[in-house]
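Reading through the structure tokens given below for one structure.
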Amino acid sequence: QSKKARITEPRPKSHYAPPAQHSAENDTALHFKSSKQSRNKETRETHAFPPPLHQFNAFLTIFCLAGNRRFFCLFLFPASADLNDSQLSSHNVNFLRTPDLLLPSLTPFPSLQSFAMATSPSSPPPLRLLLPAISVLLLSCIFSSSESATVGVGSISRLLETQDRERAPPSVQVAAARGVLRRLLPSHSSSFDFRIVSKEQCGGESCFIISNHPNSAGPGTPEILISGATGVEMVAGLHWYLKNWCGAHLSWAKTGGDQLNSVPQPGYLPRVQDDGVLVQRPVPWNYYQNAVSSSYTFAWWDWKRWEKEIDWMALHGINLPLAFTGQEAIWQKVFQQKFNITKAGLDDFFGGPAFLAWSRMANLHGWGGPLPQSWLDQQLVMQKKILERMYELGMTPVLPAFSGNVPAAFIDLFPSAKIMRLGNWFSVESNPKWCCTYLLDATDPLFVEIGRAFIEEQIEVYGRTSHIYNCDNFDENTPPVDDPEYISSLGAATFKGMQSGDSDAVWLMQGWLFAYDPFWKPPQMKALLHSVPLGRLVVLDLYAEVKPIWSISEQFYGVPYIWCMLHNFAGNVEMYGLLDSVASGPIEAHQSENSTMAMQHPLAVGVGMSMEGIEQNPIVYDLMSEMAFQHKKVDVKAWIDLYSTRRYGKSVPLVQDAWNILYHTVYNCTDGAYDKNRDVIVAFPDVDPSFISTSLESYQNNDKPTLRRSILQQDSGSYERPHIWYSPSEVISALELFIRCGDELSGSNTYRYDLVDLTRQALAKYANELFLKITKSYELKDFNGVALHSRKFVGLVEDLDSLLSCHEGFLLGPWLEDAKQLAMDEEQAKQFEWNARTQITMWYDNTDYEASLLRDYGNKYWSGLLRDYYGPRAAIYFKYLLESLENEHSFRLKDWRREWIKLTNEWQNSRGKFPVGSNGDAVYLSRRLYEKYLKNHSGGVAL
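Take the sequence shown: its letters are residues 1 to 943, numbered as in UniProt numbering.
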């Protein structure tokens with residue numbers, strides 16, 4: 001059975017069949033099975049040949065492949081062959097004898113030449129019989145890549161084997177899977193049974209198997225048996241069954257939550273085909289998170305929220321998540337106990353709770369701090385719970401490693417150390433109080449000492465490790481020189497710091513630096529990537545759905561990598577995606593060939609989601625998580641029709657039509673631009689209006705007038721125009737269809753979320769155009785025009801705030817209240833709330849009249865934030881526009897900035913409370929706002 005045929009369709013046709021008994025008719029199947037059983041630490045899988053070479057009487061079949069710097073051959077002999085163990089041993093052939101077959105392990109040869117010598121006419125029989133077949137074998141190796149695992153997987157096989165040995169016992173993983181089911185679907189806790197199976201039972205890969213339970217006897221007894229190689233596979237199999245047989249849908253609570261109403265009652269679950277359904281992973285890893293997700297999303301999470309997220313990870317097949325929580329407590333122990341750093345030194349080093357991601361990456365220090373001891377202790381306890389649950393489910397949590405970032409106190413304590421001060425990172429005045437951190441050169445002996453201490457301390461505190469560590473030395477920090485030898489020494493020393501603390505360590509590196517920094521040309525990339533032994537470095541191709549590096553770097557110059565979808569920046573709220581890229585990119589990556597490698601193999605070892613913020617665009621993450629189990633490209637059109645049915649629990653043709661419009665518009669961004677939300681409402685322009693040129697172009701689409709596209713430019717570069725990649729009028733047409741379904745779907749929380757989000761998207765783009773009308777009126781010195789459109793803009797912001805309040809996924813209140821709930825006293829509550837308010841508005845330093853360069857980077861469309869901050873800010877700007885026209889003087893930019901910054905500082909320090917629950921009728925408000933703002937503008941009809 002072809003590996004590529006092992007994925008199921010919505011009503012799966014492929015199935016799991018027990019291995020057949022050996023006979024002449026099934027030599028090929030046996031040949032495949034034998035190759036799966038024959039593995040070693042350096043290569044994970046052989047090439048499957050065409051039918052066995054029966055012309056060589058002594059052999060059933062032969063396998064050859066390229067390994068890591070060696071050539072491997074496997075010989076499979078019938079037990080009846082006139083061969084004895086000593087004959088085989090004399091030719092360095094590794095083997096195992098069974099009653100029916102001699103099953104050898106892969107026999108390594110240093111080169112093809114040594115293989116040829118072993119099989120030459122001068123060699124003793126029977127190996128010389130192979131000589132006529134060498135050319136056939138080589139061609140088979142080269143042209144059978146469609147049936148092979150990747151060389152990348154082979155290179156990490158040692159780690160995979162280690163992790164398999166150290167995984168939690170089957171009983172623990174089964175119990176963890178049952179816990180997920182109990183939390184997800186308590187009414188069906190007895191309807192499913194779980195079982196751990198070996199990879200051999202999965203055909204040599206990680207898999208899950210869905211089958212009818214053999215002891216099913218109606219309600220109260222198990223109906224479906226889900227087997228899997230790990231707890232993650234079993235839970236992912238549960239999701240696969242609920243999704244494809246019961247029409248269910250799972251998403252984050254803030255994006256509408258789970259749709260489980262379509263799941264039949266216990267005793268009536270749909271049966272699968274009698275021989276079951278096998279679904280394999282095409283690549284072993286499914287990665288999750290970004291180094292900054294911990295701040296943009298997870299900053300204020302308690303265990304209850306973390307438990308839900310780990311359940312979500314397992315249900316979506318994620319087995320390689322970052323585990324960064326609580327690392328400051330480890331650093332505190334290391335720096336204080338082993339390197340004599342004082343509490344004051346660490347207070348200056350760590351960022352505040354909402355800014356830890358950037359202090360960890362050496363972008364800033366001290367900002368938002370100091371961290372209370374209670375926070376450090378609390379987060380360490382949380383990390384232990386997180387790791388325990390991840391390990392129980394069979395996940396491979398990725399721990400942090402030392403990247404060179406050290407407290408300023410190291411300068412005095414270690415005066416001979418090679419410590420470099422980094423440049424300014426987005427601060428207004430290069431204030432050393434916050435910026436310009438210190439980086440220890442990786443070639444300094446102290447680097448390895450600190451790296452070892454940090455790894456060892458984590459292992460001691462946590463009790464175990466998965467042996468894979470994330471480290472990003474140059475994330476938005478460029479090396480001081482471009483000498484490849486120097487860069488290679490940095491990479492080697494960085495890895496040595498990990499390996500000295502864990503001899504099985506593997507370095508997981510974000511590949512973001514290769515995507516954004518022109519410093520990294522091929523010589524520099526190769527120097528860094530080749531500085532670590534093969535199989536000990538894995539690269540995250542972080543932005544592969546838009547800017548894949550694997551395809552332009554000869555697959556990272558021979559280094560294993562993970563195809564990742566970045567998708568979201570800063571947790572911004574924007575309907576956006578590249579569904580076609582997501583549905584095809586991972587497949588192209590793990591089926592690709594590296595033309596520079598002799599055996600032409602793909603190097604992808606996983607897929608992943610590397611978004612900066614979650615809880616948005618659930619359709620994108622639903623599809624992307626599915627790609628961890630897809631072996632061929634997905635038909636997105638057909639998939640989306642099923643998606644809408646699952647998400648709302650019923651098939652509604654109008655809403656399916658709406659989703660097809662969205663698929664071809666907001667979810668079809670092909671312009672290659674970074675989608676950083678710069679809508680005027682949430683990222684108001686800090687610019688003199690006279691520098692904004694408005695070029696208004698109207699165009700037709702499907703014989704309907706559309707919103708006019710506007711080009712906004714500013715000569716100083718301080719204004720970044722909003723990103724628009726689709727026809728807004730088409731999106732308004734989709735909104736019309738959504739609203740018309742309101743009576744039928746209003747009871748669905750997933751529908752209400754999507755309706756609010758879609759209305760928000762349309763109104764946000766309308767607001768961008770409204771702002772252009774204001775600036776155009778100002779350019780024409782039209783006081784009444786500015787006044788009219790300004791009032792309309794501010795009114796739109798207030799209306800949009802009311803709409804967002806209708807769904808719990810668009811509220812400011814939970815973000816602030818979650819922050820305060822982690823505080824131990826009122827002083828901490830004030831500090832944590834300031835952190836939370838600052839991150840989503842204007843963070844990092846500013847002066848009285850010069851705004852932070854990171855203003856609005858973490859902007860959000862949240863009810864409360866629009867009414868309390870974005871609206872008043874816009875009103876200040878419009879006030880100065882009108883004053884300028886009324887008094888006939890230029891726009892007072894400095895005065896506008898001073899008042900805006902004052903508003904920001906006051907809002908960040910305020911303590912007003914905001915609702916944590918939704919309020920209002922989403923369907924009614926969406927319909928009303930469509931009628932008020934969009935109907936006439938789009939040529940739509942009254943609803």
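Note that CB positions come from ideal geometry on N, CA and C, so glycine has one too.
Residues bridged to I419 (per DSSP): L440
Please determine whether the Cβ atom of M498 lies at a distance below 7 Å from any heavy atom of the ligand MN. Among the components modelled here there is no ligand, and therefore nothing to report on the ligand MN.
Proximity winner among A836, F810 and A764, relative to Q821 (alpha-carbon distances): A836
In this structure, how does DSSP classify P372 when only helix, strand and coil are distinguished? coil
Where do the N-terminal and C-terminal ends of the beta strand (DSSP E) with V277 fall, by residue? V277 to Q280
DSSP state of N701, grouped into three classes? The predicted position of N701 is uncertain, since its pLDDT is 33 and thus under 50; a value taken from the coordinates is nonetheless stated next. Note: N701 maps to strand in three-state DSSP.
Closest to D504 by CA distance: which of D868, R158 and L854 is it? R158
Please list, in chain order, all residues of the same chain as F495 whose beta carbon is under 6 Å from its beta carbon, the five residues on each side excluded. W507 and V532
Using a threshold of 8 Å, state whether the C-beta atoms of V666 and A767 are closer than that. no
Cα-Cα, which of G608, V582 and A683 is closest to Y663? V582
Residue(s) in a DSSP beta bridge with M509: V539
Count the other CB atoms within 10 Å of the CB of A638; is the residue buried (16 or more) or exposed (fewer)? exposed
Please say whether T838 and A354 have beta carbons closer to each other than 8 Å? yes
For the region 893-923, which segments carrying the alpha helix (DSSP H) assignment without a break, of at least 4 residues, lie completely within its bounds, in sequence order? 893-909
Which whole-angstrom value describes the C-beta separation of M422 and C436, a residue pair presumed to lie in contact below a C-beta threshold of 8 Å? One point to set straight first is that residue 422 is Leu, not Met, in the sequence displayed. Confirmed, Cβ separation roughly 6 Å.
Selection from M525, V546 and R927 that minimises the alpha carbon distance to E554: M525
Cβ pair Q393, G231 closer than 8 Å: Just to set this straight, residue 393 is Leu in the shown sequence, not Gln. In this structure, G231 lies closer than 8 Å to L393 by Cβ.
Per-residue DSSP class, three states only, for S89: Residue placement at S89 cannot be trusted, given a pLDDT of 39 that sits under 50; what the coordinates show is reported in the next sentence. Here S89 sits in helix by DSSP.
Tell me the DSSP secondary structure of Q327 in three-state form. helix
Taking just the CA atoms, how far does L371 sit from W285? 34 Å
Which term fits V381, buried or exposed, when burial requires 16 or more other beta carbons within 10 angstroms of its beta carbon? exposed
Please classify L127 as buried or exposed, where buried requires at least 16 other C-beta atoms within 10 Å of its C-beta. Note that L127 has pLDDT 36, beneath the 50 cutoff, so the model's placement of it is unreliable and the number below is only indicative. It counts as buried.
Alpha carbons only, please: which of S852, L796 and H889 is nearest the one belonging to Y933? L796
Taking just the CA atoms, how far does R855 sit from T847? 13 Å
With distances taken between CB atoms, is the gap from D541 to C564 smaller than 8 Å? yes
Taking R183 as part of the alpha helix (DSSP H), name the residues at either end of that continuous run. P170 to L184
What are the boundary residues of the alpha helix (DSSP H) that I310 is part of? W303 to L315
Which stretch, first to last residue, makes up the beta strand (DSSP E) that contains R195? F192 to I196
Counting only runs that start and end within the region 462-508, where is the alpha helix (DSSP H) found for 4 or more residues in a row? 484-499
What do you get for M824, buried or exposed, if any count of 16 or more other CB atoms within 10 angstroms of its CB means buried? exposed
Pair every Cβ in the region 393-404 with every Cβ in the region 438-455, then say whether three or more of these pairs are closer than 8 Å. yes
What separation, rounded to the nearest whole angstrom, lies between the Cα atoms of I876 and Y778? 15 Å
Would DSSP call G608 helix, strand or coil? strand
Other residues of its chain near W907: CB distance less than 6 Å, five sequence neighbours each side excluded: Y869
Hey, quick one: how far does the alpha helix (DSSP H) through L529 stretch, first residue to last? P522 to L529
For the candidate residues Y561, H530, V607 and N617, whose alpha-carbon lies nearest to that of F569? N617
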